[in-house]
Structures are given as C-alpha cells and as structure tokens.
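A.B. asks: Residue numbers (the working numbering), protein chains in the order written: chain A, 6 to 119; chain B, 36 to 151.
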C-alpha cells in the first residue's frame with residue numbers, strides 16, 4: 006500500500022544533541038512537508054519541499070534543518086538550537102500541483118527531552 | 036491573508052446525537068477547504084474536501100460539510116455520533132504559493148468527546 010512512513014515513533018533527545026526524524030513516501034508525490042503539533046495550537050509548518058534538492062522555510066524553521074536528496078525522502082533534523090523541541094512531528098506529502106490537492110500524513114514522531 | 040478559526044476547542048455529545056463542529060475561514064480568493072481527523076498518537080486522515088464542485092460535501096464515516104460563502108463557514112456535521120468518532124478534528128484552508136503548490140493553514144482543532 007502507498008503511504009508515508011515516519012520513524013521512529015518515539016524519540017528522546019539529550020541536552021545539546023541533534024536528532025533526525027525520518028520520513029519516507031512511496032506515493033510518487035513531488036511536495037513534502039514537516040509540521041510541528043503542540044496541544045491547542047494546531048499544526049505549524051516547519052519546512053516544505055517542492056522538488057528534489059529544493060526546500061523552503063515554513064513559519065517556524067528556526068532550530069530545524071532538512072534535506073531532499075531523493076524524491077521519496079525528506080528527513081528533519083532537530084538541532085540543539087531548538088530550545089523547546091518537545092512536540093509531535095508530522096510529515097506530509099502532496100502531488101504538488103494545484104491547491105485542491107489534499108496532503109497525506111504519516112503517523113508522526115513524538116519527540117521528548119531527556 | 037488566509038486563516039481558519041474553529042469555534043470550540045472541546046465538544047461533547049451523547050452517542051446518537053448530532054455532531055456539529057464549526058469552522059470559519061478567511062480568504063481573499065475562492066478557497067479550497069479540508070477537514071481532517073486525528074486519533075490519539077496518529078497522523079491526520081482526510082475526512083472530506085471542498086473544491087467548488089458542490090457546496091455540500093460528503094466524506095468518510097458519515098460526515099459531511101456545507102460550504103457557505105455568505106457566512107465564510109465550512110461546518111462539519113454528522114447526524115448520529117458513534118463512540119468511534121471521538122477524536123480531534125482539524126479544519127484547513129489551502130493557500131497557493133510559488134509554482135502552483137499548496138500550503139495548508141490549519142485551525143487549532145476541536146476535540147470531540149462522545150459519551151454513552
């Protein structure tokens with residue numbers, strides 16, 4: 006079945022450590038997105054990518070970095086500069102062209118501080 | 036700028052009762068609107084989408100939503116709540132950015148509780 010796979014499901018970060026969240030899709034979608042979800046705040050866009058080797062900052066990119074070396078993969082690194090990383094992180098993808106295209110979501114990674 | 040407001044962060048209904056989750060949007064152009072559902076510790080699942088073909092949109096699990104331009108609303112309803120409907124629901128509006136790709140602006144979400 007086509008879909009989006011996020012791993013790991015749970016992740017713990019130590020002080021000063023960078024951690025990387027994986028996102029893989031086999032939907033052949035061009036666009037991919039990373040969101041952060043905090044209770045009562047909905048979803049906020051961290052980074053998005055329209056095509057391979059191109060990505061743009063979203064609304065809350067500080068303390069995060071991404072890469073898009075393959076169409077299927079869009080990993081997110083939470084750096085030590087992100088002082089409040091505890092949240093639920095969701096990856097999504099869409100075919101890309103057209104505002105009427107819904108985004109498809111993975112099952113998320115919950116990141117906590119040790 | 037486009038935005039979405041969901042009235043009521045928590046809604047509680049009895050099993051079998053009508054479900055009404057409210058969503059109002061702000062958009063300078065005809066919007067594309069979506070409702071998503073999220074179960075605990077899971078991602079978002081698309082319930083339905085409005086893309087201007089019809090004002091009453093039917094989705095999965097018996098949900099539907101009506102687009103009302105005059106009220107800038109896209110409320111989600113279900114005639115009879117089931118225990119399995121307990122989840123968090125998000126309304127979102129699609130925004131175009133460069134190259135024709137879309138960005139979703141989400142409301143803060145409404146948590147639906149269903150009690151026996």
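Every residue gets a Cβ at the ideal spot worked out from N, C-alpha and C, and that includes glycine.
Could you tell me whether the Cβ of residue 30 (chain A) comes closer than 7 angstroms to any Cβ of chain B?
C.D. replies: As a working mapping, residue 30 (chain A) is identified with position 25 in the first chain. It does not: the Cβ of residue 30 (chain A) has no partner Cβ on chain B nearer than 7 angstroms.
A.B. asks: Under 8 angstroms, with one C-beta from each stretch per pair, do the stretch 84 to 103 of chain B and the stretch 55 to 72 of chain B reach the 3-pair mark?
C.D. replies: Yes, they touch.
A.B. asks: Would you report the Cα separation of residue 14 (chain A) and residue 27 (chain A), rounded to the nearest angstrom?
C.D. replies: By 1-based counting over the first chain, the position of residue 14 (chain A) is 9. By 1-based counting over the first chain, the position of residue 27 (chain A) is 22. One C-alpha to the other measures close to 10 angstroms.
A.B. asks: Can you tell me the Cβ-Cβ gap for residue 146 (chain B) and residue 44 (chain B), rounded? I've got them flagged as a contact below 8 angstroms.
C.D. replies: Taking the first residue of the second chain as position 1, residue 146 (chain B) is located at position 111. Taking the first residue of the second chain as position 1, residue 44 (chain B) is located at position 9. Indeed they touch by this definition, with Cβ atoms about 7 angstroms apart.
A.B. asks: Taking 7 angstroms as the threshold (beta carbon to beta carbon), is residue 112 (chain A) in contact with chain B?
C.D. replies: Counting from one through the first chain, the residue named residue 112 (chain A) turns up at place 107. Yes, because at least one Cβ of chain B sits closer than 7 angstroms to the Cβ of residue 112 (chain A).
A.B. asks: For the stretch 95 to 108 of chain B, which residues have a beta carbon sitting closer than 8 angstroms to at least one beta carbon of chain A?
C.D. replies: Correct list: empty, as no residue qualifies.
A.B. asks: Under 9 angstroms Cβ-Cβ, which residues of chain A neighbour residue 38 (chain B)?
C.D. replies: Numbered from 1 along the second chain, position 3 holds the residue referred to as residue 38 (chain B). Within chain A, no residue comes near residue 38 (chain B); the closest Cβ sits about 11 angstroms away, beyond 9 angstroms.
A.B. asks: Name the residue from A:84, A:49, A:8 and A:12 whose alpha carbon lies nearest to the alpha carbon of residue 139 (chain B).
C.D. replies: On the second chain, residue 139 (chain B) is found 104 positions in, with the first residue counted as 1. Checked all of A:84, A:49, A:8 and A:12; the closest Cα to residue 139 (chain B) is A:49.
A.B. asks: Roughly how many angstroms lie between the CA atoms of residue 66 (chain A) and residue 126 (chain B), to the nearest whole one?
C.D. replies: Counting from 1 along the first chain, the entry for residue 66 (chain A) is found at position 61. Counting from 1 along the second chain, the entry for residue 126 (chain B) is found at position 91. Going by the C-alpha atoms only, they are around 23 angstroms apart.
A.B. asks: Given this structure, state the Cα-to-Cα distance separating residue 113 (chain B) from residue 9 (chain A), to the nearest angstrom.
C.D. replies: The residue you call residue 113 (chain B) lines up with position 78 of the second chain. The residue you call residue 9 (chain A) lines up with position 4 of the first chain. Looking at the two C-alpha atoms, the distance is approximately 28 angstroms.
A.B. asks: For the 8 angstroms Cβ check, are there 3 or more pairs between the stretch 101 to 119 of chain B and the stretch 91 to 106 of chain A?
C.D. replies: No contact exists between the stretch 101 to 119 of chain B and the stretch 91 to 106 of chain A.
A.B. asks: Is the beta carbon of residue 11 (chain A) closer than 7 angstroms to that of residue 113 (chain A)?
C.D. replies: For the purposes of this step, residue 113 (chain A) is identified with residue 108 of the first chain, where counting begins at 1. For the purposes of this step, residue 11 (chain A) is identified with residue 6 of the first chain, where counting begins at 1. Contact: yes.
A.B. asks: So residue 85 (chain A) packs on residue 17 (chain A), CB below 8 angstroms; how close in whole Å?
C.D. replies: Locating residue 85 (chain A) in the first chain gives position 80, where the first residue counts as 1. Locating residue 17 (chain A) in the first chain gives position 12, where the first residue counts as 1. Going by Cβ atoms, the distance from residue 85 (chain A) to residue 17 (chain A) rounds to 14 angstroms, so no, they are not a contact pair.
A.B. asks: Determine whether the beta carbon atoms of residue 97 (chain B) and residue 123 (chain B) lie at a separation below 7 angstroms.
C.D. replies: The sequence position of residue 97 (chain B) within the second chain is 62, counting from 1. The sequence position of residue 123 (chain B) within the second chain is 88, counting from 1. Taking 7 angstroms as the Cβ cut-off, residue 97 (chain B) and residue 123 (chain B) do not qualify as a contacting pair.
A.B. asks: Using 10 angstroms around the beta-carbon of residue 95 (chain B), count the other beta-carbons present and answer buried if the total reaches 16, otherwise exposed.
C.D. replies: Residue numbering aside, residue 95 (chain B) sits at position 60 when the second chain is read from its first letter. With fewer than 16 Cβ atoms within 10 Å of its Cβ, residue 95 (chain B) is classed as exposed.
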